[in-house]
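Chains A and B, in that order, are what the protein sequence lines are.
Taking the numbering used here, the leading residue of the first sequence gets 287, the next gets one more, and so forth.
Taking the numbering used here, the leading residue of the second sequence gets 21, the next gets one more, and so forth.
Backbone N, C-alpha and C fix where the C-beta goes; we use that ideal spot for every residue, glycine too.
First up is the structure itself, then whatever we jot down about it.
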Amino acid sequence: DAGITQSPRYKITETGRQVTLMCHQTWSHSYMFWYRQDLGHGLRLIYYSAAADITDKGEVPDGYVVSRSKTENFPLTLESATRSQTSVYFCASSGAQVTQYFGPGTRLTVL
Amino acid sequence: GESVGLHLPTLSVQEGDNSIINCAYSNSASDYFIWYKQESGKGPQFIIDIRSNMDKRQGQRVTVLLNKTVKHLSLQIAATQPGDSAVYFCAENYQGAQKLVFGQGTRLTINP
């Protein structure tokens, strides 16, 4: 049982480039979430999705785009990466219960 | 607005001692609370949860206490082990919302 996976685990890119972070879960959870984690800010919600084709903004959505064409996938795209988007990104999912289960994270560096 | 915070950003304990990590929340409507453990380089991992109709819940070596009067949550770890070294987050949820609000985290360090 793979659970929830993220790819890539590490990514270095340049300012202005488009980057897509992938998230895949095998639990058929309805809800999926994207967070960024920075020192001094804890976990901040970027976007979340209640089901396929249903997404909503979180606390810090600017500069990010999400889609959810399939229940199991929830990609996060940085359309034009900026240095301030250097962070560790975590994907999470939850089912009928509120408890969220997290992936291993993607460490993104924008040069 | 609602917020979840921690009294101590760092905690250092001796191996074998008990650890207590505290968390304050401000939303009186919150009715579900979770503690997560995050080891270096990994994602947060669920430890234990508690609903607002309970004051205490025990797991394996961990106990969560909820004091709704003062809006305080604590995580007690018994006989702390080196593997307990991590950052611990509390998170709150209120009925009807699927989102969690996370605290800043407390780093627990175990001294040999």
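Under a CB-based cut-off of 7 Å, is residue i close to chain A?
i              : result
Q38 (chain B)  : Here residue 38 (chain B) turns out to be Asn, not Gln, going by the sequence shown. Chain A contact via Cβ: absent.
Y52 (chain B)  : yes
L26 (chain B)  : Residue placement at L26 (chain B) is flagged as unreliable, the pLDDT there being 42, under the threshold of 50; the coordinate-derived value follows with that caveat. L26 (chain B) does not count as touching chain A.
N113 (chain B) : yes
P29 (chain B)  : no
E22 (chain B)  : Caution is warranted here: a pLDDT of 39 is assigned to E22 (chain B), below 50, making its placement in the model unreliable, and the coordinate value is therefore given only provisionally. False, the Cβ-Cβ gap to chain A never drops below 7 Å.
G79 (chain B)  : no
Q124 (chain B) : yes
Could you check what DSSP says for residue i in three-state terms: helix, strand or coil?
i              : result
Q371 (chain A) : helix
D75 (chain B)  : coil
D18 (chain B)  : Since the first residue shown for chain B is 21 and the last is 132, residue 18 (chain B) is missing from the structure and cannot be characterised.
D134 (chain B) : This structure leaves residue 134 (chain B) out entirely; chain B is present only between 21 and 132.
N87 (chain B)  : strand
Q292 (chain A) : strand
T392 (chain A) : strand
S46 (chain B)  : coil
K119 (chain B) : coil
L93 (chain B)  : strand
R354 (chain A) : coil
Who are the near neighbours of residue i in its chain, counting only those whose CB is closer than 7 Å to its CB and skipping five residues on each side?
i              : result
V351 (chain A) : T363, E365
Q383 (chain A) : none
Q34 (chain B)  : N131
Per DSSP, which residues does residue i bridge with? Please list them.
i              : result
G328 (chain A) : A:D324
F360 (chain A) : Paired residue(s): none; F360 (chain A) is not in a bridge.
H310 (chain A) : A:T291, A:N359
Would you say residue i lies against chain B (beta-carbon separation less than 7 Å)?
i              : result
F376 (chain A) : yes
L329 (chain A) : yes
V384 (chain A) : yes
F388 (chain A) : yes
Y333 (chain A) : no
Y317 (chain A) : yes
Apart from the five residues on each side of it in sequence, which residues of its chain come closer than 6 Å, Cβ to Cβ, to residue i?
i              : result
G391 (chain A) : V374, F376
L85 (chain B)  : K76, S94
I54 (chain B)  : D69, A111
Using alpha carbons as the reference points, say which of the options lies closest to residue i.
i              : options                        : result
C309 (chain A) : A:G381, A:V346, A:W320, A:G302 : A:W320
S105 (chain B) : B:I130, B:N113, B:N87          : B:I130
T301 (chain A) : A:R369, A:F388, A:S380, A:V346 : A:R369
F66 (chain B)  : B:Q101, B:K57, B:N73, B:K91    : B:K57
T372 (chain A) : A:I290, A:K297, A:Y387         : A:K297
N73 (chain B)  : B:S48, B:L120, B:F122, B:K119  : B:S48
K356 (chain A) : A:T341, A:V396, A:A367         : A:T341
Within its chain, find whatever has a CB closer than 8 Å to the CB of residue i; leave out the 5 residues flanking it on each side and keep chain order.
i              : result
A98 (chain B)  : N38, R81, V82, T83
E358 (chain A) : H310, Q311, T312, S314
L329 (chain A) : Y321, R322, Q323, F376
V346 (chain A) : R322, R330, L331, I332
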